[in-house]
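First comes the structure, then the notes that go with it.
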């Protein structure tokens, strides 16, 4: 026991816990070894022996199914259906070959190997007889197939089944033995672990009792010192005798007591300084609150002015938009007027062309009248030569000549009028062309005006948007200023509260009893 009393608490606890940990590790290692053995045995049962049993039972099931297929082939008369049943049997035979190959790869030595060899030996004649019966059934030799089924096939099948059952029984016996071994080892390890757990509990309790006794007395001294400090008495002194952790704890508490006394003295003087400073901060905060309220009032007036300016700019933008729309309408109207003038110019040109055509026709008529006059004159001369017989013809020729002269006179007058009309139409065409050019210029100018009005409208809209943004910014600034004003008021209240708390801290620090000097 003296050995433990001269050691530190850490060493004593480490030795005690080390002993407990060693026992726990021993328990864990033993349990792990047992679990590993049990796991290996169970793995052997599940992954090897149970798989072998399943494969052997599959062989037996396939044999039963093969017998059913053989009976179907013998009983049915449909050759196609019989061939289909034979194909099913061939598939079963291939499956059996695969199962036997897997068993041959996993059963290599010992009695199971001998049983597997016997199984293969009994399977060969059974399979040969089955194939002969199938050939007879497929060849419609049903009586021969029945003789094979009730004759040699039945004992061969029974021998095959007996070999399978023997190997299955052996594997199941191995599985039962493995499970029983696992249970026995588990029971044995459980008792060992219970013994180790009891030993660990006894050893841990003894170590805890011894370590606790060596800690209680110094801890009581530490509690007494802490209670005097909690009562505000920082003038006590503790005599430290030990060098272990409890002695170090008492020394640390003594240093804490001394440092706390120094700290309380500094806190007391600091609280007095904080009280004086908080009074000055309260005065400055009140002045800041007044200035903030003045700024908030000015910002409210600015926000109202910006709202009025935004309303005016919005109205100007709306007016510019209306003017832009009116200019666009005027431009469209001027464009339609220009198109009408262009159509009038085209019509006047057509009239001028028709007048010229009429003048040409009148010229033709004048030429015909002139030729008619000459012909009438020639007819009168010929009538004069004819004497009395040509008098009537001379009268007619005179009338024709007179009519031709009147036609020529009328044609000259019409030609004169048409010429004057053509000149007037040409003048009208020129005037209408000038009017069309003027209308085109008007259309261009109106379009320019409409474009300028659209630009003015867009600029007014941008100004309106900018004014709205400025108005929003001023509103946000107003709101922020009001919030700042509220924060300043809260800061003033907090500063006043700080001043009061500093005063209370001075009072609280004065309650501690410090050593003299």
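Numbering (UniProt numbering), first residue to last: 1 to 517. We treat Cβ as the ideally placed atom computed from N, Cα and C, and that holds for glycine.
Cβ contact annotation for residue 168 (same chain, cutoff 6 Å, sequence separation greater than five): 53 and 56, in chain order.
DSSP, read as helix, strand or coil, puts residue 121 in helix.
The bridge partners DSSP lists for residue 233 are 513. Minimum Cα-Cα distance from residue 436 among the listed residues 150, 147, 346 and 122 corresponds to 346. If the five residues before and after residue 233 are omitted, its C-beta is found closer than 7 Å to the C-beta atoms of 513, all from its own chain and listed in chain order. Cβ-Cβ distances below 7 Å link residue 49 to 171, 174 and 175 in the same chain, with the five nearest sequence neighbours on each side left out; the list follows chain order. Scanning the region 60 to 122 for uninterrupted alpha helix (DSSP H) segments of 4 residues or longer gives 79 to 106, listed from N- to C-terminal end. In this structure, the straight-line span from the alpha carbon of residue 405 to that of residue 417 is close to 18 Å. DSSP places residue 153 in no alpha helix (DSSP H); its state is neither H nor E. Around the Cβ of residue 85, a 10 Å sphere holds 16 or more other Cβ atoms; the residue is buried. In this structure, residue 485 sits away from residue 272, with a CB-CB distance that is not shorter than 8 Å. For residue 140, no alpha helix (DSSP H) run applies, since DSSP gives it neither H nor E.
By the beta-carbon neighbour count (other beta carbons within 10 angstroms, threshold 16), residue 471 is buried. By the Cβ neighbour-count rule, residue 221 is buried, with 16 or more other Cβ atoms within 10 Å of its own. By the neighbour-count definition (other C-beta atoms within 10 Å, threshold 16), residue 111 is an exposed residue. 8 Å or more divides the Cβ of residue 397 from the Cβ of residue 370.
The beta strand (DSSP E) runs of length 3 or more contained entirely in the region 185 to 227 do not exist; there are none. Exposure of residue 128 is indicated by the presence of fewer than 16 other C-beta atoms within 10 angstroms of its C-beta.
Only exposed fits residue 259, as fewer than 16 other CB atoms lie within 10 angstroms of its CB.
Closest in C-alpha terms to residue 500, from the list 276, 340 and 468, comes 276. Between residue 239 and residue 228, the gap from beta carbon to beta carbon reaches 8 Å or more. In this model, residue 65 and residue 90 are separated by some 12 Å (Cα to Cα). In this structure, residue 377 and residue 401 form a Cβ contact; the two beta carbons are roughly 6 Å apart against a cut-off of 8 Å. Proximity of the region 135 to 147 to the region 95 to 112 falls short of the contact definition, fewer than three beta-carbon pairs being nearer than 8 Å. Nearest C-alpha to residue 468 among 11, 482, 308 and 20: 308. Annotation for residue 157: 63, 67 and 126 place their beta carbon closer than 8 Å to its own, counting only its chain and skipping 5 residues before and after. Here residue 9 is not near residue 207, since their CB atoms are 8 Å or more apart. Around the Cβ of residue 25, a 10 Å sphere holds fewer than 16 other Cβ atoms; the residue is exposed. A straight line joining the alpha-carbon of residue 28 with that of residue 184 spans about 19 Å. Closest in C-alpha terms to residue 146, from the list 159, 326, 130 and 161, comes 130. Residue 113 is not a Cβ neighbour of residue 160, given a cutoff of 8 Å. With a beta-carbon spacing of about 6 Å, residue 99 and residue 58 fall inside the 8 Å limit used to define contacts.
Secondary structure at residue 239: coil, using DSSP grouped into helix, strand and coil.
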